[in-house]
Amino acid sequence: MSLIPTLSGTQIVDGIEYNEHPPPNMLVKAMEYQWAQLLINKGELRLCPLSFYQALESDELGDRLEGQGELRINSHPYSLTSLNENFIWCCSNHPDSQYSTLLNLDDRYDVVIKVLNTVEFVKRIANALRQKGYNFSMPQVGRVSYNRKSEITLASLQSQKWQWNVFQKSPHFEHQNEYRFVFSALSDLPKGEAICISIGNCEDIIELAKI
Numbered sequence: 121m122s123l124i125p126t127l128s129g130t131q132i133v134d135g136i137e138y139n140e141h142p143p144p145n146m147l148v149k150a151m152e153y154q155w156a157q158l159l160i161n162k163g164e165l166r167l168c169p170l171s172f173y174q175a176l177e178s179d180e181l182g183d184r185l186e187g188q189g190e191l192r193i194n195s196h197p198y199s200l201t202s203l204n205e206n207f208i209w210c211c212s213n214h215p216d217s218q219y220s221t222l223l224n225l226d227d228r229y230d231v232v233i234k235v236l237n238t239v240e241f242v243k244r245i246a247n248a249l250r251q252k253g254y255n256f257s258m259p260q261v262g263r264v265s266y267n268r269k270s271e272i273t274l275a276s277l278q279s280q281k282w283q284w285n286v287f288q289k290s291p292h293f294e295h296q297n298e299y300r301f302v303f304s305a306l307s308d309l310p311k312g313e314a315i316c317i318s319i320g321n322c323e324d325i326i327e328l329a330k331i
């Protein structure tokens, strides 16, 4: 295993950047049954850009400030956004999340899946993107911090991990216990459009949870 610590406090391990390492052994995600089956059996999934969630009219899944990080120092805002479009796959940390909470994020959700190997899952996504010819920076994965607009010190601002805005949300969403995979596009892609890929059969690393 190749581990490289960065100046911002993240760790690059085998070409994946983590804001905390090691990653959780298990992640969970609420979905519609039909899409869960396609993910498990064929590895079909969709990576949505942050702009998709900015425009999404949903109190739970939408966030007009998605990706627009903000902290405050002496009551003055310090903001950060990304130059490149970021595509994300969202899930939740286990065992911090209640299945009932996840299922209530959307009326259409009827099952919960368990990702049993976080590292292998993100590697398969990155490989599929490369095989389709997409140009992305290394994957970034980690927990979301629910500290948007929080008052901090200059020292704690300087300790924020790289691209912290993509991993920051309002405390309003804290019950989601979100863990996300982020892929930053290095080339221009159509604004607001999702990327659909297939990473192959995932029965060895993803299963349906018993609810």
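Everything in the sequence shown is counted per the numbering used here, starting at 121 for the first residue and increasing by one.
From the three backbone atoms N, C-alpha and C, an ideal C-beta is built for every residue, glycine too.
Selected residue, minimal CA-CA separation from Q283, among W209, E323 and S202: Position 163 of the sequence shown, counting from 1, holds the residue named residue 283. Nearest C-alpha to Q283: S202.
Inter-residue Cα distance where the pair is N255 and L306: For this step, residue 255 is matched to residue 135 along the sequence shown. For this step, residue 306 is matched to residue 186 along the sequence shown. Distance between the alpha carbons of N255 and L306 is about 5 Å.
Whole-Å CB distance - V239 paired with P310, under 8 Å assumed: On the sequence shown, residue 239 is found 119 positions in, with the first residue counted as 1. On the sequence shown, residue 310 is found 190 positions in, with the first residue counted as 1. 30 Å between Cβ atoms; not a contact.
CB contact flag (A248, I160, <8 Å): Within the sequence shown, residue 248 is the residue found at index 128, counting from 1. Within the sequence shown, residue 160 is the residue found at index 40, counting from 1. In this structure, I160 does not lie closer than 8 Å to A248 by Cβ.
With 16 other Cβ atoms within 10 Å as the buried cut-off, status of Q296: Mapped onto the sequence shown, residue 296 falls at position 176. When all chains shown are included, Q296 counts as buried.
Three-way DSSP call (helix, strand, coil) for V302 in this model: Within the sequence shown, residue 302 is the residue found at index 182, counting from 1. If DSSP states are grouped into helix, strand and coil, V302 belongs with the strands.
Residues bridged to K234 [DSSP beta-bridge criterion]: The count along the sequence shown starts at 1 and reaches residue 234 at position 114. V148 and E327.
Per-residue DSSP class, three states only, for W209: The sequence position of residue 209 within the sequence shown is 89, counting from 1. If DSSP states are grouped into helix, strand and coil, W209 belongs with the strands.
Residue(s) in a DSSP beta bridge with E313: Position 193 of the sequence shown, counted from the start, is the residue given in the question as residue 313. Bridge partners of E313: none, in fact.
Unbroken stretches of the alpha helix (DSSP H), 4 residues or longer, contained in the stretch 245-282: 274-278
Selection from S178, D308, G320 and S270 that minimises the alpha carbon distance to E341: A question about residue 341 goes unanswered here, because the residues of the chain that appear run from 121 up to 331.
Classification of E294 by the beta-carbon crowding that lies within 10 angstroms, buried from 16 upward: On the sequence shown, position 174 is the one that residue 294 refers to. Under this definition E294 is an exposed residue.
Unbroken stretches of the beta strand (DSSP E), 3 residues or longer, contained in the stretch 174-200: 189-193 and 196-200
First through last residue of the beta strand (DSSP E) which encompasses I160: Taking the first residue of the sequence shown as 1, we reach residue 160 at position 40. No beta strand (DSSP E) holds I160; the alpha helix (DSSP H) holding it covers Y153 to K162.
Where the beta strand (DSSP E) containing Y138 begins and where it ends: As a working note, residue 138 is residue 18 in the sequence shown. That run of the beta strand (DSSP E) goes I136 to Y138.
Check whether V302 and V232 have beta carbons under 8 Å apart: As a first step, residue 302 is located in the sequence shown; it is residue number 182 there, counting from the start. As a first step, residue 232 is located in the sequence shown; it is residue number 112 there, counting from the start. Going by C-beta atoms, V302 is not nearer than 8 Å to V232.
For G262, the nearest candidate out of W209, I193 and E180 (CA to CA): Taking the first residue of the sequence shown as position 1, residue 262 is located at position 142. Nearest C-alpha to G262: W209.
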